[in-house]
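Okay, so here's the structure we're looking at.
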Amino acid sequence: MKSLENELDRRREAGLYRQRRINESAQGVETIIDGKAVISFCGNDYLGLANHADIKQAFVDAADRYGVGSGSAHLVNGHSVLHHACEQRLAEFTGRSRALLFSTGYMANIAVASALTGKQDVIFQDKLNHASLIDGARISEARLVRYPHQDLSRLESALIKHNLAGRKLIMSDGVFSMDGDCADVSKIVEVAAPYDAWTMIDDAHGFGVLGSRGAGLLEQQQLNQEQVPILMATLGKAVGTAGAFVAGSESLIETLIQQARPYIYTTASPPAVAAATLKSIDIIEADSWRREKLQELIAYFQQQMAGLEVELMPSQTAIQPIIIGDNHETLSLSNALFDRGLHVTAIRPPTVPSGSARLRCTLSAMHEFAHIDLLVKVLKTLL
Ligand SMILES: *Cc1c(COP(=O)(O)O)cnc(C)c1O
Numbered sequence: 324m325k326s327l328e329n330e331l332d333r334r335r336e337a338g339l340y341r342q343r344r345i346n347e348s349a350q351g352v353e354t355i356i357d358g359k360a361v362i363s364f365c366g367n368d369y370l371g372l373a374n375h376a377d378i379k380q381a382f383v384d385a386a387d388r389y390g391v392g393s394g395s396a397h398l399v400n401g402h403s404v405l406h407h408a409c410e411q412r413l414a415e416f417t418g419r420s421r422a423l424l425f426s427t428g429y430m431a432n433i434a435v436a437s438a439l440t441g442k443q444d445v446i447f448q449d450k451l452n453h454a455s456l457i458d459g460a461r462i463s464e465a466r467l468v469r470y471p472h473q474d475l476s477r478l479e480s481a482l483i484k485h486n487l488a489g490r491k492l493i494m495s496d497g498v499f500s501m502d503g504d505c506a507d508v509s510k511i512v513e514v515a516a517p518y519d520a521w522t523m524i525d526d527a528h529g530f531g532v533l534g535s536r537g538a539g540l541l542e543q544q545q546l547n548q549e550q551v552p553i554l555m556a557t558l559g560k561a562v563g564t565a566g567a568f569v570a571g572s573e574s575l576i577e578t579l580i581q582q583a584r585p586y587i588y589t590t591a592s593p594p595a596v597a598a599a600t601l602k603s604i605d606i607i608e609a610d611s612w613r614r615e616k617l618q619e620l621i622a623y624f625q626q627q628m629a630g631l632e633v634e635l636m637p638s639q640t641a642i643q644p645i646i647i648g649d650n651h652e653t654l655s656l657s658n659a660l661f662d663r664g665l666h667v668t669a670i671r672p673p674t675v676p677s678g679s680a681r682l683r684c685t686l687s688a689m690h691e692f693a694h695i696d697l698l699v700k701v702l703k704t705l706l
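Here it is in structure tokens:
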């Protein structure tokens, strides 16, 4: 397999080689990674729920009663009473008619694109969308049109150009996963309306964190199911469990059940995960202090970073990337931070556009101001 070796070598030389570090602790702020105690600034457990005592208990109790594996797909006999209750709770929480659980967000995005569109149709996507949305469009065989990041006038030109196509589906990250800025969904909906295009928002990084009850970006921007017919969000980030859901009308959810291959041809997630998600949603709704604390930490981070000569992104969310540019430099900064007890991963192309490699710093409600002080102090010596 010489050609593979050559390719891997080229990757190393370009500073693009990816390596996993081994986490020996629960997800959280203070972690043991590769045998070393480090403060983590890179997870997506924004509210500190992945290791929450009550959520773990709900998981354990459910496993005790319902076992571990679900045994089959949802359409065979794997759709447990816990999955069903979780779907109803997610629908109610997001103010939508129905919700459908998926094993991962990646699969949910492939499902939406491939079940709703085909060769005659056009999908419109922001250039900085998550890879799973792009892959969904590819698998659907619809024509994919990508517009420059947040450039809605370009989206409109594309809608005009493809007005005579079959279905038109706009898919966008809600909070952009590598930049942290939010889509102007009200504006997208306004642009979409005259062309009869459907809008889908992937709220992987907003769900749990944004909105007064934590129901996400659409709650924050006060948009309902009529305006944004398709909402997708993941459960492995702020919710602290695993999987994802799509929420919307009766006909949307029934279409996914009938047609979405990533729904039909896979084993249902363990029922205990649904029990944990149910508990987590209760905590998200009740603990508004977690969202408030996170906002305070975000403001503090931005204020402390202002003294450094680095480019921060226009982000008001827990995702606060520091753009470095060069791949090797980003990697060596990440390693230097790690040596000093701080874990911030280097994000490089193709996850981000080339020349924009970055330290993707993320904050969690579990951070303390002193953690940020330490990060900023160390960054000052390195940058
Ligand atoms: C993480 C993420 C996904 C994928 O979700 P998984 O449950 O991890 O598969 C999809 N979209 C966005 C924007 C994400 O950040």
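Mapped onto the numbering used here, the consecutive letters of the sequence shown carry residue numbers 324 to 706.
For every residue, glycine included, the Cβ atom is placed at its ideal position computed from N, Cα and C.
Here the structure is a predicted model, which means the values were calculated and not measured.
Hey, would you say the C-beta of D496 is under 7 Å away from at least one heavy atom of ligand 1?
Residue 496 sits at position 173 when you count from the first residue of the sequence shown. Yes - ligand 1 has a heavy atom lying nearer than 7 Å to the Cβ of D496.
Output the distance between the C-alpha atoms of S420 and A376, rounded to the nearest integer angstrom.
Here the question's residue 420 lines up with position 97 in the sequence shown. Here the question's residue 376 lines up with position 53 in the sequence shown. Their backbone Cα atoms lie some 31 Å apart in a straight line.
Going by beta carbon distance, what residues of the same chain come within less than 6 Å of A506, once the five residues before and after it are set aside?
Translated into the one-based positions of the sequence shown, residue 506 becomes position 183. Correct list, in chain order: S495, G497.
Round the Cβ separation of M501 and I670 to the nearest angstrom and send it over; I've been treating them as touching at under 8 Å.
Here residue 501 refers to the residue found at position 178 when the sequence shown is read from its first residue. Here residue 670 refers to the residue found at position 347 when the sequence shown is read from its first residue. Right, their Cβ atoms sit about 6 Å apart.
DSSP on H407, reduced to helix/strand/coil?
The residue labelled residue 407 in the question sits at position 84 within the sequence shown. Of the three classes helix, strand and coil, the one that applies to H407 here is helix, per DSSP.
Roughly how many whole angstroms lie between the Cα atoms of P672 and G678?
As a first step, residue 672 is located in the sequence shown; it is residue number 349 there, counting from the start. As a first step, residue 678 is located in the sequence shown; it is residue number 355 there, counting from the start. Going from the Cα of P672 to the Cα of G678 covers about 8 Å.
Would you say the beta carbon of S687 comes nearer than 7 Å to a heavy atom of ligand 1?
Along the sequence shown, read from residue 1 onward, the residue named residue 687 stands at position 364. Because no heavy atom of ligand 1 lies under 7 Å away, the Cβ of S687 does not count as near it: no.
What are the boundary residues of the beta strand (DSSP E) that includes L533?
Counting from one through the sequence shown, the residue named residue 533 turns up at place 210. No beta strand (DSSP E) contains L533, which DSSP labels as neither H nor E.
Going by DSSP, what residue range makes up the alpha helix (DSSP H) through K602?
Reading the sequence shown from its first residue, position 279 is the one you call residue 602. 594-609 is the extent of the alpha helix (DSSP H) around K602.
Would you list, in sequence order, the uninterrupted alpha helix (DSSP H) runs of no fewer than 4 residues that lie entirely inside the segment 642-700?
Correct list: 650-662.
Alpha carbon to alpha carbon, what distance is there between D504 and I433?
By 1-based counting over the sequence shown, the position of residue 433 is 110. By 1-based counting over the sequence shown, the position of residue 504 is 181. If I take the Cα positions, the gap works out to 23 Å.
When you measure from the CB of T589 to every non-hydrogen atom of ligand 3, does any distance come out below 7 Å?
Among the ligands in the structure shown, ligand 3 does not appear; only ligand 1 can be found there.
Counting Cβ pairs, one atom from each stretch, are 3 or more of them under 8 Å apart for the segment 561-579 and the segment 356-373?
With a cut-off of 8 Å, the segment 356-373 and the segment 561-579 count as touching, because enough Cβ pairs lie within range.
Quick test of your reading: G539 and L546, contact by CB under 8 Å. State the CB separation rounded to the nearest angstrom.
Translated into positions along the sequence shown, residue 539 becomes position 216. Translated into positions along the sequence shown, residue 546 becomes position 223. G539 to L546, Cβ: 10 Å. No contact.
Taking its Cβ as the centre, do 16 or more other Cβ atoms sit within 10 Å of S657, making it buried, or is it exposed?
Counting from one through the sequence shown, the residue named residue 657 turns up at place 334. Flag for S657 reads buried.
Can you list the beta strand (DSSP E) stretches of 3 or more residues lying completely in the segment 344-430, in chain order?
Whole beta strand (DSSP E) segments, 3+ residues: 353-356, 359-363, 421-425.
Just list the residues that DSSP pairs A567 with in beta bridges.
Reading the sequence shown from its first residue, position 244 is the one you call residue 567. In DSSP, A567 forms a bridge with F425, T557.
Output needed for Q394: all residues of its chain with C-beta closer than 7 Å, excluding positions within five of it in sequence on either side, in chain order.
Here residue 394 corresponds to residue number 71 of the sequence shown, with the count starting at 1. A quick correction: the sequence has Gly, not Gln, at residue 394. Correct list, in chain order: N400, G401.
Look at the alpha carbon of A276 and the alpha carbon of T674, and state the distance between them as a whole number of angstroms.
As displayed, the chain neither begins before 324 nor continues past 706, which places residue 276 out of reach and without an answer.
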